[in-house]
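Colleague: Handing you this structure, nothing more for now.
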Amino acid sequence: MDTSGLRIGVILGSTRPRRRGESVAAWVMGQVGERDARYDLIDLRDHPLPLLDEPASASTGRYEHAHTQEWAATIARYDAFVIVCPEYNHGLPAALKNAVDYLWAEWLDKAAATVSYGNGGGQRSAEHLRNVLSAVGIAHVRPQVTLYNRDDFDGYTVTPNEHHLHGLEGMLGDLELWAAAMREVRAARES
């Protein structure tokens with residue numbers, strides 16, 4: 001399947017002042033240089049969305065507020081996403097859930113993969129995120145990279161090992177294949 005020309009956004013799903021996610025997202029971005037797809041960082045801090053304040057449902061595509069229109073334009077540019085997701089209290093961060101909830105068509109028929117982190121590797125947040133992404137029509141690839149605060153970080157800096165590198169490589173390969181397939185689905189839906 002042709003994966004050339006794909007655009008993939010790496011969403012940094014935490015907005016905390018001090019966050020391990022910056023290091024994780026930088027690590028992911030550092031591994032994508034030799035791939036056919038183009039990868040860009042999307043930091044939720046750069047898109048300060050208030051708690052969902054659109055009067056109409058996202059499924060209508062009628063966005064009244066400039067912040068929503070800007071967010072929609074950003075997400076619409078991409079074929080797929082790698083979501084760097086911490087786990088907070090057995091779930092995903094409120095800012096990330098809110099960012100997903102703002103949109104509908106911009107997510108529909110795209111692909112996503114997760115790099116999670118936390119005390120338990122962020123596995124519960126990744127599972128929660130899969131459910132949320134499914135609800136907006138995103139195909140989520142099965143492989144994920146899981147990073148444990150205790151073992152895989154030096155303070156706030158990720159210290160990935162060979163297992164993580166191999167896992168990321170496989171996950172990105174699967175994501176690109178799914179993104180290419182979902183591009184065909186979007187084209188068929190539009191015709």
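With the first letter of the sequence shown counted as 1, position 155 gets the number 155 in the UniProt record's numbering; the numbers rise by one all the way through. Beta carbons: idealized from backbone N, C-alpha and C, even for Gly. Quick caveat, the model's predicted, so the values are computed rather than measured.
#1: If you draw a straight line from the alpha carbon of residue 142 to that of residue 130, how long is it in whole angstroms?
#2: Does the beta-carbon of residue 69 have 16 or more other beta-carbons within 10 angstroms, so that it is buried, or is it exposed?
#3: Out of 106, 83 and 74, point me to the one whose CA is closest to residue 60's CA.
#4: If you scan the segment 35 to 86 from start to end, which runs of the beta strand (DSSP E) of 3 or more residues do you find wholly inside it?
#5: Quick one: what's got a C-beta closer than 6 Å to residue 84's C-beta in the same chain, skipping five residues either side?
#6: Pick helix, strand or coil for residue 9, following the three-state DSSP scheme.
#7: So what's residue 151 in DSSP terms, helix, strand or just coil?
#8: Under the assumption that residue 39 contacts residue 71 (Cβ atoms under 8 Å), give the Cβ distance between them as a whole number of angstroms.
#9: Looking only at its chain, what residues have a beta carbon closer than 8 Å to the beta carbon of residue 95, apart from the 5 residues adjacent to it on each side?
#10: Could you name the residues of the same chain whose beta carbon sits closer than 7 Å to that of residue 65, not counting the 5 residues immediately before and after it, in chain order?
Modeller: The structure says:
#1: 10 Å
#2: exposed
#3: 106
#4: 38 to 43 and 80 to 86
#5: 12, 13, 21, 24, 25 and 115
#6: strand
#7: helix
#8: With a Cβ gap of about 19 Å, residue 39 and residue 71 do not count as contacting.
#9: 13, 14, 15, 44 and 49
#10: 53 and 54
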